[in-house]
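What follows is a short report on a single structure.
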Ligand code: ATP
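Numbering (the working numbering), first residue to last: 3 to 351.
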């Protein structure tokens, strides 16, 4: 079933209280059997519902839905126009399809995005109204080459925006990830940035900046450790959004930081963000594996990034410059300590 068809049911259940089938059918103007089918569809799309005979059904916690009017009011001064939809496949694909007609600063936000794109055909998974999934169209007078490093500048803006909402532990991971960094716990992925660019080498050009951030929860099927902003506080998130982090507050903070960062990027390029990016890099000076699309890997120590945003890696064969195209970064398994020589181990005993 199309997720757009089941979203009205989600809205009807948004308060987290029990709703009987009869009442839901009346509210939605549907038959009871259609309501049942839609509940089944919701569950098959990964949304948990508690069904109790005689009481009806409810969501495990109230939904923190967005309000288009409140967003527009809070962001008008930043030169952004927002469009909020209940459901779409990909906000970035939607903006790319309309890029010729939309003005710079147009933001498309989806309460529920079901085919979010990552790099190299990977997917961004999102549960309805748990995270933020949105894209921003921006026009640049310069050419596409001048946009090298834009996704890293965006990651800095998103990390600083999340910190401004009270989650200090947000860090970046080269090239385009946001992590929750709470050592000694392993880092967990909190968000991602995907920039699609269009235009000529000499300009003008346009970028569609897609962002996904886990706020109240992350899908359990991400294939790598994932976290949400709520996890940083250690509060019980089921207790009616007890952390005080709202999707509205995070979205407004991110879009404000983003608009300011892009204007600075236009004027000064990535060089203006390089030091901040490095200070936020969770894995600076760490030993990492660079995984290539063909399965090969290169191990080295992260030495920083250059003025274009390429990763600088110290390897046994010398310093290498890694471009973000088709590689992923992973923490390297800890090196196996070489056995101590006989005399040394005797002295230590
Ligand atoms: P990697 O994170 O492996 O280096 P990447 O940065 O290219 O790769 P992205 O394209 O940014 O990855 O994001 C897609 C990947 O992120 C997916 O393959 C999945 O492992 C992970 N992922 C997808 N959805 C989420 C989510 N909601 N929270 C955390 N991680 C996710």
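Using N, Cα and C, we set each Cβ at its ideal position, and we do this for glycine too. None of these values were measured; they are calculated from a predicted model.
What's the gap between the Cα of residue i and the Cα of residue j?
{"i": "residue 250", "j": "residue 109", "result": "14 Å"}
{"i": "residue 51", "j": "residue 314", "result": "47 Å"}
{"i": "residue 33", "j": "residue 211", "result": "41 Å"}
{"i": "residue 262", "j": "residue 111", "result": "19 Å"}
{"i": "residue 199", "j": "residue 158", "result": "19 Å"}
{"i": "residue 173", "j": "residue 286", "result": "11 Å"}
{"i": "residue 344", "j": "residue 289", "result": "Confidence at residue 344 is low in this model, with a pLDDT of 46, below 50, so the placement of that residue is unreliable and no value is reported for it."}
{"i": "residue 96", "j": "residue 77", "result": "21 Å"}
{"i": "residue 304", "j": "residue 45", "result": "43 Å"}
{"i": "residue 62", "j": "residue 15", "result": "10 Å"}
{"i": "residue 270", "j": "residue 280", "result": "17 Å"}
{"i": "residue 293", "j": "residue 195", "result": "19 Å"}
{"i": "residue 160", "j": "residue 166", "result": "10 Å"}
{"i": "residue 70", "j": "residue 90", "result": "16 Å"}
{"i": "residue 197", "j": "residue 18", "result": "36 Å"}
{"i": "residue 8", "j": "residue 232", "result": "26 Å"}
{"i": "residue 27", "j": "residue 99", "result": "36 Å"}
{"i": "residue 6", "j": "residue 307", "result": "42 Å"}
{"i": "residue 277", "j": "residue 4", "result": "45 Å"}
{"i": "residue 297", "j": "residue 53", "result": "45 Å"}
{"i": "residue 153", "j": "residue 310", "result": "11 Å"}
{"i": "residue 181", "j": "residue 222", "result": "16 Å"}
{"i": "residue 129", "j": "residue 85", "result": "19 Å"}
{"i": "residue 238", "j": "residue 151", "result": "Because the pLDDT of residue 238 is 49, which lies under 50, any placement of that residue in the model is unreliable, and the question is left without a value."}
{"i": "residue 334", "j": "residue 235", "result": "28 Å"}
{"i": "residue 87", "j": "residue 144", "result": "31 Å"}
{"i": "residue 49", "j": "residue 103", "result": "35 Å"}
{"i": "residue 187", "j": "residue 220", "result": "17 Å"}
In chain order, what residues of the same chain have a beta carbon less than 6 Å from the beta carbon of residue i, not counting five sequence neighbours either side?
{"i": "residue 216", "result": "133, 192, 230"}
{"i": "residue 163", "result": "255, 256, 259"}
{"i": "residue 317", "result": "302"}
{"i": "residue 326", "result": "177"}
{"i": "residue 141", "result": "106, 208"}
{"i": "residue 300", "result": "292"}
{"i": "residue 40", "result": "8, 11"}
{"i": "residue 275", "result": "155, 158"}
Look up residue i in the DSSP assignment and say whether it is helix, strand or coil.
{"i": "residue 113", "result": "strand"}
{"i": "residue 176", "result": "coil"}
{"i": "residue 18", "result": "coil"}
{"i": "residue 93", "result": "helix"}
{"i": "residue 35", "result": "helix"}
{"i": "residue 158", "result": "helix"}
{"i": "residue 285", "result": "coil"}
{"i": "residue 247", "result": "coil"}
{"i": "residue 347", "result": "Residue placement at residue 347 is poorly supported in this model, since its pLDDT is 36, which falls under 50; the coordinates are not used for a value here."}
{"i": "residue 255", "result": "helix"}
{"i": "residue 139", "result": "strand"}
{"i": "residue 51", "result": "coil"}
{"i": "residue 196", "result": "strand"}
{"i": "residue 276", "result": "helix"}
{"i": "residue 123", "result": "helix"}
{"i": "residue 164", "result": "helix"}
{"i": "residue 238", "result": "Bear in mind that a pLDDT of 49 at residue 238, under 50, signals an unreliable position, so the model cannot answer this."}
{"i": "residue 87", "result": "strand"}
{"i": "residue 182", "result": "strand"}
{"i": "residue 150", "result": "coil"}
{"i": "residue 60", "result": "strand"}
{"i": "residue 118", "result": "strand"}
{"i": "residue 340", "result": "In this prediction, residue 340 has a pLDDT of 45, which is less than 50 and means its spatial position is unreliable; what the coordinates show is noted afterwards. Here residue 340 sits in coil by DSSP."}
By Cβ distance, which residues of its chain are closer than 8 Å to residue i, with the 5 residues on each side in sequence left out?
{"i": "residue 253", "result": "68, 73, 111, 134, 136"}
{"i": "residue 119", "result": "92, 94, 95, 125, 126, 196, 212"}
{"i": "residue 147", "result": "203"}
{"i": "residue 115", "result": "89, 90, 91, 92, 93, 126, 128, 135, 214"}
Name, in chain order, the residues that DSSP records as bridge partners for residue i.
{"i": "residue 299", "result": "293"}
{"i": "residue 324", "result": "313"}
{"i": "residue 333", "result": "290"}
{"i": "residue 134", "result": "215"}
{"i": "residue 207", "result": "142, 201"}
{"i": "residue 304", "result": "315"}
{"i": "residue 228", "result": "191"}
What does a CB cutoff of less than 7 Å around residue i pick up in its chain, not counting 5 residues either side in sequence?
{"i": "residue 183", "result": "171, 173, 189, 284"}
{"i": "residue 30", "result": "10, 11, 14, 37"}
{"i": "residue 264", "result": "140"}
{"i": "residue 101", "result": "139, 200, 208, 210"}
{"i": "residue 332", "result": "290, 291, 293"}
{"i": "residue 324", "result": "292, 312, 313, 315"}
{"i": "residue 273", "result": "309"}
{"i": "residue 248", "result": "66"}
Evaluate the contact criterion for the stretch 55 to 63 versus the stretch 16 to 23: three or more CB pairs, one atom per stretch, below 8 Å.
A contact between stretches requires three or more CB pairs, one per stretch, nearer than 8 Å, and the stretch 55 to 63 meets this requirement with the stretch 16 to 23.
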